[in-house]
Amino acid sequence: MTTDDISKSVRRIDAVSKSNGSIKYMCDYELPDYLWARLVRSSIPRGTIREIHLPDLPEGYRFVSARDIPAGGQNQLSMIANDWRCFADGDVRYVGETIGILCGPDKTVLEDLYEKIKIDYEEAECAVTIDEGLACKGGAFVNGDNIHCRLKLEKGENVDDVFARADKVVEETVETGYQEHVYLETNAAACKKIGSKYQFLASCQCPFYIRKSVAPILGIKPEDIVVQQTTTGGAFGGKEHFPDVLCGPLLLAAYVTGRGVKIVFDREEDIEFSVKRHPSKVVFKTALDRNGDILAMDSKVYYNVGAYLASSFVVLQRGCFHVAGCYEFPSFRTEGFGVATNTFPSCAFRGFGAPQTLFAVETHMCHIAEMYGRDPLELKSKYFIKQGGVTSTNGRVVERVMIPEMLEQVLVASDYCRKAREYKPGSGRGIGISFYNHGGAFTGNGESAIIKARFRLKKYKDGHVELFCGQTEMGQGFHTILPKIAAHVLEIPREMVIFDDPNTDRVPDSGPTAASRSTMIVGYLCEKAAKLAKERYKTEDEFEIETQYEHPEGYPWDQSSFQGYAYIGYGWGVCAVEVEVDPCTGEVTTLGVWSSHDCGRLIDELIVHGQTNGGIMQGLGWASTEVLDNVKGHFKQTSISDYIIPTSMDYPKQECFYVDNPYQWGPSGAKGMGELVFNGSAAAYIDALSRAIGKRISSIPCPTERVMDLMLHGEGLDSALNAAH
Amino acid sequence: MEKTISFKLNGRDVSITRNPLSRLLDVLRDDFGMHGVKEGCSEGECGACSILLNGRMVTPCLIPLGAADGQEIMTVEGISATPEGDCVVQAFADGGAVQCGFCIPGMVVAAYSLLKKNPDPTDEDIRLGISGNLCRCTGYDLIVESIKLAARRGRDLWKK
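Protein chains in written order, with this note's numbering: chain A, 27 to 751; chain B, 507 to 666.
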């Protein structure tokens, strides 16, 4: 079948093999001649290693650590920053820091030996929270002030001048907690030297990242390593950089033992010792006129980065670029700080820093409106940014912004206006609404200056076409989407298009599967290649075409000052949530979830629909039940029975709408959307919940126990926000 | 202490000599190659390893091998080879139920188990029927729709 209407849904190519259990994930590879491995980790958040006591290791068992790194090799994982050590050496900086890797042929024996390893430490005082990090509790361990990274953005009139003449200046702190990805497939990887190259099998998002990150450990070139992605059972950002943390030790173990080595995490290990969404704290200072209209908004954005910077500066940047939400304020300033703590490094998670600040600004806007007895929607509507509007980085919004049309869809479907009027604060029922966006692809000129994506299309004699790029399928549907784009242009059946899991020796580096860029950027390169191939397809037996990313002219960006067009295409969203709260137990029942999204033209309606459902629900979990505490550097929830993600019973069927707003640099007009759909449901849910209980909520998660506590002791919605000092 | 344990696996008589306290999950995966039985949490919480034991849905990560002695086990491999199981698989594929896929074999078992007992389920019945199976990708809506599709399409199959 040819795909004449690109939006019309087709069957996912992996749907049947995933349903009948025949597709192989990393844990399903038997690899009988490989050794099993277990990471040996720090059990304290900060201190020095006095001694490692190993049990007598039987023949065939090895403990590999920093001291096994060969001359010319470096003890580092080369992520975006290179500060994350492959192995702790001398000191440890967080609970779970890799100290060594124990490997051997029998899994049970290995487990037994692992239990017998004893490590003596001299423990030091640790900093766990953002406040403790800022206060340099236990002494600063990064840059003398525990600030890993910082940035500042300003727009319009100087905010301090506006504060001086404002009718009122209010302050509010909004906080968000850790979130664990809970991809259903735990992390797993294997490494073996085959011929002259080290060959990895890995459940991952970014095979080229692994190559680049671990090669320096042996002092070899990335090209000396081959990474084959295996079918990946969910990732959500949790397998963007984190697989490097397994693959570095695996590489060294394969080098030292001369054997294949494999690791499959169990769930407890995966929750306890993996990266999380950055906890955040946003401190707003906002100037208001006498009606409560906003004159200027200043904010300080703090992200808990953990012990190593890794990719977090980019996360913080995205957070700061999104702290103005979908609004254009007359005067705006933000400062961002990535705070060092003795906790597991935070890393990518769907939204990559944007969800925290979007939740913060939406919530703060609600509280300003309520303080003046205004409906939050009415206040927010006054500031919607439009096409040509100036963004927080003094660029402009390039595309048409369809928030009014999207809002209309959500208002009609949810009956928001009537419900907002009729449900009185504290009545036990509430409806909330949120607005959000997500800048597509890498920030600014990142796609052209750093990524430089390359894509290849090959036609074979039998008429098949194969697509070559590093983009991975992790559940989002890209293995269906990309062939669909090519087939659509070439006007051939989708079944004639081959697209396999990437192998770094076979495909060009088209950049990571991250930043909602795969369809928007690589899909566009595919469309371009297919267009170039179309005439030749009929006349030539076999040929190859390569395309490379080119940044559209006229949208400058300066990465040193963060000024200009941070994104030339945004996804946009509106979400409404209605809840009912049991006055005796604080139990929240969600009665309705409505959303509308602009992700350009939909490449496949059903895939987009599935992404929307999942993203919204993941956001609802983040806002409500997904409590993850860190006490003295240890995560307290370490299983799926105490870290509570949504089940099929927790939320009602969603109503999803879309607007058609083709994007000029996307395939058939498509933009990114995988992260966008996460970005708004938390704020809508909390808005609804706070109206239902008549109490202000300034932090998430907000599980039942906290709802009860707020009902008893919380501040009323109409109480005044603190005046700024 | 090893013992010979015999049971019916996907309609075939099998036996194995092992410590009867071994996890049934490991035996199914490692000894019988039933890789569709996925380990998601190891504590009976996520449902990814769901199988049918004498027609009842259970999680073999919590069941010792010895408990299977003389019993009948169906895994997703066996279920999807039946007309009813294939009806569920095809409905999942057409209804957009599948994303990363790791929870899906367990979901197929849950859907099959539900429809066998209740060929005409309401949305609420379906949500309850899959409430022991966690999915992090889909938000469940399209899985629920796909199970409804399987119920509709397989009307005669399920009422047999």
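Where is the CB? At the ideal position from N, CA and C, for every residue including glycine. Just so it is clear, the structure is predicted and the values come from calculations on it, not from any experiment.
Rounded C-alpha distance that separates residue i from residue j
i, j, result
"B/Val615", "B/Ser556", "6 Å"
"B/Leu640", "A/Cys273", "28 Å"
"A/Gly421", "A/Ala313", "23 Å"
"A/Tyr593", "A/Gly465", "5 Å"
"A/Ala114", "A/Ile106", "19 Å"
"A/Phe385", "A/Thr202", "8 Å"
"A/Val42", "A/Val308", "45 Å"
"B/Asp519", "B/Thr581", "14 Å"
"A/Ala714", "A/Ile459", "7 Å"
"A/Asp193", "A/Gly399", "17 Å"
"A/Glu148", "A/Lys163", "17 Å"
"A/Gly640", "A/Asp94", "44 Å"
"A/Ser665", "A/Glu294", "5 Å"
"A/Cys53", "A/Val290", "7 Å"
"B/Arg661", "B/Asp631", "16 Å"
"A/Leu743", "A/Gly452", "9 Å"
"A/Val387", "A/Thr155", "22 Å"
"A/Ile726", "A/Trp648", "7 Å"
"A/Gln382", "A/Gly706", "10 Å"
Simplified DSSP assignment, three categories, for residue i
i, result
"A/Ser474", "helix"
"A/Val290", "strand"
"A/Val188", "helix"
"B/Leu634", "helix"
"A/Met546", "helix"
"A/Met105", "coil"
"A/Ile394", "helix"
"A/Ser674", "coil"
"A/Phe740", "One detail in the question is off: residue 740 of chain A reads as Gly in this sequence, not Phe. Three-state result, A/Gly740: coil."
Chain A contact for residue i (CB, 8 Å cutoff)
i, result
"B/Arg518", "no"
"B/Glu508", "no"
"B/Val564", "no"
"B/Cys593", "no"
"B/Ser556", "no"
"B/Thr644", "yes"
"B/Leu515", "no"
"B/Gln605", "yes"
"B/Asp537", "no"
"B/Val614", "yes"
"B/Arg529", "no"
"B/Arg633", "yes"
"B/Glu583", "yes"
Within 8 Å, strictly: CB atoms of residue i and residue j
i, j, result
"A/Gly362", "A/Leu342", "yes"
"A/Tyr281", "A/Leu654", "no"
"A/Thr638", "A/His623", "yes"
"A/Gly379", "A/Leu61", "no"
"A/Ser91", "A/Gly126", "yes"
"A/Ser474", "A/Tyr575", "yes"
"A/Arg316", "A/Phe375", "no"
"A/Ile524", "A/Glu570", "no"
"A/Leu516", "A/Ala467", "no"
"A/Tyr759", "A/Thr616", "Since the displayed chain A opens at 27 and closes at 751, residue 759 of chain A lies outside it and no answer follows."
Short CB-CB distance (under 8 Å) between residue i and chain B
i, result
"A/Gln231", "no"
"A/Leu632", "yes"
"A/Tyr669", "no"
"A/Tyr60", "no"
"A/Gly122", "no"
"A/Asn213", "no"
"A/Leu335", "no"
"A/Gly640", "yes"
"A/Ala708", "no"
"A/Leu210", "yes"
"A/Cys392", "no"
8 Å contact criterion, which residue i and residue j should meet: CB distance rounded
i, j, result
"B/Gln605", "A/Gly501", "4 Å"
"A/Pro242", "A/Gly99", "7 Å"
"A/Ser542", "A/Gly740", "So it is not a contact: roughly 36 Å between Cβ atoms."
"A/Lys510", "A/Asp630", "6 Å"
"A/Cys129", "A/Thr283", "6 Å"
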